[in-house]
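> Dumping the structure here so I can ask a few things about it.
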Amino acid sequence: MKPRLQTSAVAVCALAFWFMAVWMVGFSIAQEQQPSECLDCHRYRNLNSNEGILSSQQFCYNCHKEEPAAHADFRASKVSFQVKPEYFLKSPHRFVACIQCHTTVAQSPHRSLSGVQCSSCHPKINGSPGTHAEHQRVRCEACHTDSPFVRLDAANNEVKLSHTNAKQATISLAEHKVTDVSREEFCVKCHASNNQVGAPTMVLPSKSFVCIACHYSPMRMGSPVFILAMMVALMGIVGTVVFWFRASVQGEATSVHRKFQLGSEVVWSKIFSREIFSILKTVFFDILLQRRILANSVSRWLIHSLIFYSFFARFALSFLTLFLQKFSPEGELTLALVNKDSPFVATFNDLTGVFILAGVIWAMIRRFITKPEYVSTEEQDTLALVIIGLVTLSGFILEGMRLLVGQIPAQVALSAFAGYVVSKLFSLVNLGWQSIYGYVWYTHALLWALFIAYLPFGKLKHIFTTPLSLLLNYKKG
Amino acid sequence: MRDQTVEQVIYWRFNVLHRVVHLVVMFAFIGVGLTGFSMAFSSVGLAQTFVWLLGGIDSVRYFHRFCAVILYLCVVTEILWGLYYRFVLRGNLLGPNSICFRIRDLRFFREHMGYLLGQSEGPPRFERFTWWEKLDYWTLFLGMHSMALTGVFLWFPEFFSRFFPGYFVNIAQVLHFDEAILAVLYKFFIHTAVRHLRPEVYPGDWVIFTGKVTKETMMRAHPGEWALLNAHQQGSATRDQ
């Protein structure tokens, strides 16, 4: 026998023996595994792999593929538990296992206690913070599932999908059809006249960035009204700055480039010198503590402080909320600050609002009723006061209406102590508050747009010019 | 002791805009570097502590992108300044006062190397910006563009993978990381060392923060520019920057 043939024969024999051995061992293992039939289905699948996800879906599809689902409990109500493949297999969740959203169903008894868990993957305030801030008590699926029936659960103050239709008959929610968010039906499901979930009839735009002076608002321009107001304000600001730079700077009267160069050089050399401490002193005493107004008159300082500090505090809180929303969108503090019904925010907003209103009323009384000799009233002073007063007043009216229309439970609404009183007053009169709300919202927004547009022109200009002139005329020391 | 009674002749080297841009770039660059490396080396304990301090990985991502946007806005500011310099101030972008490279810089480089190797008596008569200052400027200026390009790829991968194959995201990741190391090494070590550790300026060169240099510095470091200035206008301390 040739050595090569001999080697081949040995190799073939060895391979044959190996396959036989493997087959026999495998057979014996299969025999042993026969009884463990629970694990055939209830095995722990690797949901990080496509295989695990698809086999997990198939496991659920064993029952949920066909209509009607064969379960005895639900045969009586004739409710379908069929997950329709034509919707689910086209949805963004087609590569997600059922139990990744329905986290509590894989157990006995086979029923969900927590509902679908969107926030295990998606942020709670997702995509459009302007919309979601107002809808924190609305569960995700109430809007994003294509079922027209929603309800307000008074027990936990949540808007959720209803298991019954308008005729109180039980309906199926198993279709898994996701709503097209670009279509208008998305909003009018709730925002319709005489809805039961506490939504105003009108679909209102999100807040604009200019609302940040008092409220948390996202970084967007919002309604065209605000864009117009911002443009008017910007024109005024640019006009003012151009007017300032018409004057000569350190002897330079013609070249704008040289004026900017000399002016910026002065600012730079002041900031990076020891005089920065005197400037900071001016900022603290004259701008923040308003020492000059206090020296002028205590009552004047009180009136001004009621308005100034309230606005300042509201702006600071809104800005902090915006910052936190960007920086830690899922944080507990963020979610509490974004929600205007949370106890701290509601109390804070009402308190500062009451202060502003008190300051405006006090100033009005001094200007028109008591009229002390040293108070000289000009028309533009009155206009500024009236705008601020009306904005605050309409704010309280709006808050009262929101608490009433939204059917906010009393223990939550009480934190807004002033708004709650207003809402109780409104509840005495049976008007269509749901539909009125939108108009009052626009009134409030338009008044604020007027404030923004008027900012660089009239009395309100002092918000910027007075600190600036105080800084330019600081005392060395 | 310097004679305080004689008013020193001051030459303006950087205007306030350039000083502000440098300050902002400095801090934004440090921010981008810290957040970027703490994401790239996320297994290191120090990085984890830093991420925890900033409030989690999402905050770090936000901060990284925030700083990156600020950095790129500075690049845009520089481009706008270039246009302003050319079309409003009527400056020459290829002239001796420009930050742009010129053919003459090759000669300066050769002569400078010759001086460092002991082949000539003194350094060449540098103009307003020396070749290494121009290199400093343009590495960052051009580097910011490739970092921005790969950066937006990683920021919006879903969008870009509609037009490009998926492995472009991986390529962007590799390039972004490698160039980050290059940029940080260059800026934190070579740039700072060349600026501050030379014997003439040690322990620190403050010109980018004060904007002004003395006549002596001008004559020593930028003799070409000084000669040009004196040829045009005798001793004028302030000219367009």
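For the protein sequence lines, the chains are G and L, in the order given. If you want our numbering, it's the 1-based position in the first sequence plus 71. If you want our numbering, it's the 1-based position in the second sequence plus 361. Yeah, the Cβ is synthetic: ideal placement off N, Cα and C, and Gly gets one too. Bear in mind the structure is a predicted one, so any value in this text is a computation, not a measurement.
Any beta carbon from chain L within less than 8 angstroms of Q239 of chain G's own beta carbon?
Output row for Q239 of chain G: interface = no.
> Taking DSSP as the reference, what is the three-state secondary structure of F217 of chain G?
It should be pointed out that residue 217 of chain G corresponds to Asp in this sequence rather than to Phe. Of the three classes helix, strand and coil, the one that applies to D217 of chain G here is coil, per DSSP.
> According to DSSP, what are the bridge partners of Y372 of chain L?
L:V574
> Report back the beta-carbon spacing between H472 of chain G and W504 of chain G to the nearest angstrom; my notes put them in contact at under 8 angstroms.
Reading off the sequence, residue 472 of chain G comes out as Met, not His. So it is a contact: roughly 5 angstroms between Cβ atoms.
> Where does E212 of chain G sit, in a helix, a strand or coil, going by DSSP?
Under the three-state reduction of DSSP output, E212 of chain G falls in the helix class.
> Confirm, please, whether the CB-CB distance from I431 of chain L to A401 of chain L is below 8 angstroms.
no
> Comparing the C-beta of N458 of chain L with each C-beta of chain G, is any distance below 8 angstroms?
no
> Hey, K195 of chain G and E401 of chain G: beta-carbon distance below 8 angstroms or not?
Cβ distance < 8 angstroms, so K195 of chain G and E401 of chain G count as in contact.
> So, using beta-carbon positions, are V476 of chain G and H515 of chain G closer together than 8 angstroms?
no
> In chain order, what residues of the same chain lie with their CB nearer than 6 angstroms to the CB of G596 of chain L, ignoring the 5 residues before and after it?
Bear in mind that the predicted position of G596 of chain L carries a pLDDT of just 45, short of 50, making it unreliable; the figure below should be weighed with that in mind. Result list for G596 of chain L: empty, nothing under 6 angstroms.
> Along chain L, which residues have their Cβ under 7 angstroms away from the Cβ of W559 of chain G?
Residue 559 of chain G is absent from the structure shown; chain G starts at 72 and stops at 548.
> Within 10 angstroms of the Cβ of P74 of chain G, are there 16 or more other Cβ atoms? Answer buried if so, exposed if not.
exposed
> Is there at least one Cβ from chain G nearer than 8 angstroms to L384 of chain L's Cβ?
no
> Which residues in the same chain as T599 of chain L place their Cβ atom closer than 7 angstroms to its Cβ, once the five residues preceding and following it in sequence are excluded?
Residue confidence for T599 of chain L is low, a pLDDT of 43 falling below 50, so the modelled location carries little weight; the figure read from the coordinates is stated next. Excluding five sequence positions before and after T599 of chain L, the CB atoms of its chain that fall closer than 7 angstroms to its own CB belong to W373, given in chain order.
> Any chance you could list the alpha helix (DSSP H) runs of at least 4 consecutive residues sitting entirely within the region 508–586 of chain L, in chain order?
Listed in chain order, they are 518–521, 528–546, 553–557, 568–571, 576–582.
> R116 of chain G to C134 of chain G, Cα distance in whole Å?
18 angstroms
> By alpha-carbon positions, which one of L:L477, L:M505, L:E586, L:N591 ends up nearest to V437 of chain L?
L:M505
> For S399 of chain G, decide whether its Cβ has a neighbour in chain L, counting only Cβ atoms nearer than 8 angstroms.
Answer yes: the Cβ-Cβ gap between S399 of chain G and chain L drops below 8 angstroms somewhere.
> Mind checking if R380 of chain L is an interface residue toward chain G, Cβ cutoff 8 angstroms exclusive?
yes
> Return the Cβ separation of K530 of chain G and Q451 of chain G in integer angstroms, given the expectation that the two are a contact with Cβ distance under 8 angstroms.
5 angstroms
> Would the beta-carbon of T418 of chain G fall within 8 angstroms of that of F343 of chain G?
In this structure, T418 of chain G sits away from F343 of chain G, with a CB-CB distance that is not shorter than 8 angstroms.
> Let me know the secondary structure DSSP gives T174 of chain G once reduced to three states.
coil
> Expressed to the nearest angstrom, what Euclidean distance is found between the alpha-carbon atoms of V313 of chain G and N531 of chain L?
50 angstroms
> Going by alpha carbons, who is nearest to I459 of chain G out of G:L526, G:V416, G:M290?
It is G:L526.
> Relative to the alpha-carbon of F386 of chain G, which residue among G:Q321, G:G424, G:V268, G:G322 has its alpha-carbon at the smallest distance?
G:G424
> In the DSSP assignment, find the unbroken alpha helix (DSSP H) run with V249 of chain G in it and report its ends.
From DSSP, V249 of chain G is part of no alpha helix (DSSP H); its letter is neither H nor E.
> With a cut-off of 8 angstroms, does the C-beta of L450 of chain L fall near any C-beta of chain G?
yes
> Can you pull the chain L residues whose beta carbon is under 8 angstroms from the beta carbon of S335 of chain G, in chain order?
The answer, in chain order, is N376, V377, L378.
> Sorted by chain position, which residues of the same chain lie with C-beta nearer than 7 angstroms to T202 of chain G's C-beta, five sequence neighbours on each side aside?
S277
> Name the residue from G:T174, G:K161, G:M91 whose alpha carbon lies nearest to the alpha carbon of L118 of chain G.
G:T174
> Run down chain L in chain order and give the residues with a C-beta less than 7 angstroms from the C-beta of Q332 of chain G.
N376
> When DSSP labels each residue in this structure, what does R649 of chain L get in the three-state scheme?
Because chain L is modelled from 362 through 602, residue 649 of chain L falls outside the range shown and cannot be assessed.
> Tell me the DSSP secondary structure of T514 of chain G in three-state form.
helix
> Does W89 of chain G come within less than 8 angstroms of chain L when only Cβ atoms are used?
no
> Could you have a look at N265 of chain G and say whether DSSP puts it in helix, strand or coil?
In this structure, N265 of chain G counts as coil in the three-state DSSP scheme.
> Once you ignore the five residues that flank G475 of chain L on each side, which residues in its own chain have a CB closer than 7 angstroms to its CB?
Around G475 of chain L, the same chain offers S481 as residues with beta carbons nearer than 7 angstroms, after the five sequence neighbours per side are excluded.
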